[in-house]
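Here's the structure we're looking at; comments come further down.
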Amino acid sequence: MAKAEVSLEHLFRVFTKPENDDSTLAKIEKHLSDNVSDFLSQHVVTKKTSLEEIEKDFSDASIPSAPEFVSSHAETLLNKLVAHSVNTYSPTFIGHMTSALPYFHLPLSKLLVGLNQNLVKIETSKAFTPLERQTLGMMHKLIYGGEASFYAKYLHSARHSLGAFCSGGTIANITALWVARNKLMGPEGNFRGINVEGLVSAYKHYGVESLGVIASKRGHYSLGKAVDVLGIGRKNLLSLPSPSHILDPKEALEAGKAYQSQGNKLLAIVGIAGTTETGHVDPLSELADVAQELGCWFHVDAAWGGATLFSDTYRDKLKGIERADSVTIDAHKQMYVPMGAGMAIFKNPSDSNSVRHHAQYILREGSKDLGSTTLEGSRNGMAMMLYSSLHIFGRRGYQLLIDKSIELADRFAELIQRNDNFELVTKPTLSILTYRLLPPSLSELSSISSIQQAEINAQLDTLTVSVQKQQREAGKSFVSRTRIEVSQYHNAPITVFRVVLANPLTTEQDLNSILEEQLDFAKQHKIWQNLNLVCDSKIA
Ligand SMILES: *Cc1c(COP(=O)(O)O)cnc(C)c1O
Numbered sequence: 069m070a071k072a073e074v075s076l077e078h079l080f081r082v083f084t085k086p087e088n089d090d091s092t093l094a095k096i097e098k099h100l101s102d103n104v105s106d107f108l109s110q111h112v113v114t115k116k117t118s119l120e121e122i123e124k125d126f127s128d129a130s131i132p133s134a135p136e137f138v139s140s141h142a143e144t145l146l147n148k149l150v151a152h153s154v155n156t157y158s159p160t161f162i163g164h165m166t167s168a169l170p171y172f173h174l175p176l177s178k179l180l181v182g183l184n185q186n187l188v189k190i191e192t193s194k195a196f197t198p199l200e201r202q203t204l205g206m207m208h209k210l211i212y213g214g215e216a217s218f219y220a221k222y223l224h225s226a227r228h229s230l231g232a233f234c235s236g237g238t239i240a241n242i243t244a245l246w247v248a249r250n251k252l253m254g255p256e257g258n259f260r261g262i263n264v265e266g267l268v269s270a271y272k273h274y275g276v277e278s279l280g281v282i283a284s285k286r287g288h289y290s291l292g293k294a295v296d297v298l299g300i301g302r303k304n305l306l307s308l309p310s311p312s313h314i315l316d317p318k319e320a321l322e323a324g325k326a327y328q329s330q331g332n333k334l335l336a337i338v339g340i341a342g343t344t345e346t347g348h349v350d351p352l353s354e355l356a357d358v359a360q361e362l363g364c365w366f367h368v369d370a371a372w373g374g375a376t377l378f379s380d381t382y383r384d385k386l387k388g389i390e391r392a393d394s395v396t397i398d399a400h401k402q403m404y405v406p407m408g409a410g411m412a413i414f415k416n417p418s419d420s421n422s423v424r425h426h427a428q429y430i431l432r433e434g435s436k437d438l439g440s441t442t443l444e445g446s447r448n449g450m451a452m453m454l455y456s457s458l459h460i461f462g463r464r465g466y467q468l469l470i471d472k473s474i475e476l477a478d479r480f481a482e483l484i485q486r487n488d489n490f491e492l493v494t495k496p497t498l499s500i501l502t503y504r505l506l507p508p509s510l511s512e513l514s515s516i517s518s519i520q521q522a523e524i525n526a527q528l529d530t531l532t533v534s535v536q537k538q539q540r541e542a543g544k545s546f547v548s549r550t551r552i553e554v555s556q557y558h559n560a561p562i563t564v565f566r567v568v569l570a571n572p573l574t575t576e577q578d579l580n581s582i583l584e585e586q587l588d589f590a591k592q593h594k595i596w597q598n599l600n601l602v603c604d605s606k607i608a
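Sequence positions in the sequence shown follow the numbering used here and run 69 to 608.
What follows is the structure, encoded as structure tokens:
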């Protein structure tokens, strides 16, 4: 292979000049521009290559000393990387929250990368900063519906911010609880605030044993990371059991009171608007009441479900979200923006001042630099992708997409319920549902003794895992799996298929084929065959 020369002249060319039209890079670009799905279907071949096999291509820890031609490198990427990627655009890829993107993001991302603006401060972002502030304001209004005068006053105020744009829901959850923590343990008398004096001094000053956060067991694992990095400690994340998949307000109130009575301070209640595993929405209004009664912060993690607010048909499912002190939303989930687009939105524009940070060379006092209240430092102009999406789809466009996903999930639930070989485990609240294979002979499973149930469920768990893996490896479709406690089986955990319907191109026919494929794999499995026999004699 020809080696590129090691010269500054060559490097200058790499910086400034496109390759010629028939280079590999140009061909990739052209093919992608003509048709993304076609590109993916031709290049992302689901060969049955094991991860171990792939690792061999990525096993050299030494940095090559000589430069390489961009085109020959692009060739390598196609063969080693792209060929073993996952086709998240496939309409039968319905296992995760990462799905197809609208085409316009491809050219727009070139603009984004081409301009390479840094939102940490105005000197490196200029117009991108007001754009990001406006975008945060639009999301704020979607949630809280403030008056025009409110946004006129705060949208571009140097001393306020309506939210923090960040890389995703994880950072957004951390940011929200960080703001809540610093606000709760702010300066008072000689005490200069937890941000200056640290956790130990803050607990001493405020006379508390520890801080706690209440969420249901269905809370996203990023909450665990949040209490960890904020020094609150994982054991103080009170994850309440939720066999009905939502946080019971009565239990939250009791748990909160019990926690407070032990000399602890309750930092926050987290309501989830669209749990990652089953898509359930916590009773947000009731939880807002509970937070009020306990005197703590109310955060709503709407990373997944927040986009439901676009739908006049379904936005009531999130009723009460407007009472949250802070809300997490991921635009890279149901808003079809490329990854790296999360937001923590704050009801009160002054709240983020509890984490405001200034530095002399950057983020000067009184500047409008967004970096002074974000956890992350250098950040790209990803807000532009959201800004554009909000304009290109508009509220009504988003409503169509959201409604379609929810309706398709309902339709899928019906298909599963009508099929004797499957059991719908959790009905969709939004566009997520869970189910599993259940032989027709076991249709009475929920009414037999829990010991017998446990035995059979253990076998069904093995079957579900096996079928899920086989289907994934076959490469035609992808459904994920999880393990959840369900009330229909005495709150014992069972393994289920998990479906996230997000790709607007997924059809009912796709869903039928997925069920058929799963049943075919099951029928070849000993467990399925045995369960059918055993249960024919035992139960029927
Ligand atoms: C996806 C998700 C998160 C985490 O978001 P990332 O963007 O993956 O960091 C947090 N909470 C919920 C409910 C989610 O669905």
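Heads up, the beta-carbon is just placed ideally off N, CA and C, and yes, glycines get one too.
query	result
Sub-8 Å separation of GLU390 and TYR271 beta-carbons	no
At least three beta-carbon pairs within less than 8 Å, the region 444-456 to the region 541-557	no
Residue burial classification, ALA399 (beta-carbon count within 10 angstroms, cutoff 16)	buried
Exposure of LEU352, with buried meaning 16 or more beta-carbon neighbours within 10 Å	buried
Cα-Cα separation, VAL567 to ILE162	6 Å
LYS401 versus ARG302 - alpha carbon distance	27 Å
Closer than 7 Å: SER290 CB and nearest ligand 1 heavy atom	yes
Selection from LEU252, THR396, ALA409 that minimises the alpha carbon distance to LYS333	LEU252
Residue(s) in a DSSP beta bridge with LYS333	LEU279
Local conformation of ILE190 per DSSP, three classes	helix
Residue from LEU506, TYR327, LEU335, SER581 with nearest C-alpha to GLN539	SER581
Proximity below 8 Å, CB of GLY299 to CB of LEU267	yes
Sequence-distant residues of the same chain with beta carbon closer than 8 Å to TYR382, five excluded per side	THR376, ILE470, ASP471, ILE474, LEU498
beta-carbon LYS387 near ligand 1 non-hydrogen atom, thresh 7 Å	no
Candidates ARG424, LYS124, ILE595, SER515, of which the one nearest PRO507 by Cα	ILE595
Cβ-heavy atom distance, TRP372 to ligand 1, below 7 Å	yes
Cβ shell of THR238 (< 7 Å), same chain only, five flanking positions each side left out	SER290, LYS293
Where ALA412 falls: helix, strand or coil (DSSP)	strand
Cutoff 6 Å; reference GLU143; Cβ partners in own chain excluding five residues on either side	THR92
Beta-carbon contacts of ALA608 that lie in its chain and below 7 Å, excluding the five residues immediately before and after	Because the pLDDT at ALA608 is just 42, under 50, the model does not fix this residue reliably, and the value given afterwards should be weighed accordingly. Around ALA608: SER509.
THR497: CB within 7 Å of a non-hydrogen atom of ligand 1	no
LEU180 versus GLU191, PHE196, LYS189, residue with shortest Cα-Cα distance	PHE196
Per-residue DSSP class, three states only, for ILE300	coil
ASN525 beta carbon near ligand 1 (any heavy atom closer than 7 Å)	no
Same chain, Cβ closer than 6 Å to ALA359, five either side skipped, listed in chain order	ILE337, PHE366
Cut-off 7 Å between Cβ atoms - residues of its own chain near ALA244, not counting five sequence neighbours on either side	HIS367, SER394, THR396, ALA412
Option nearest TYR157 by Cα separation, candidates SER109, LEU492, ILE340	SER109
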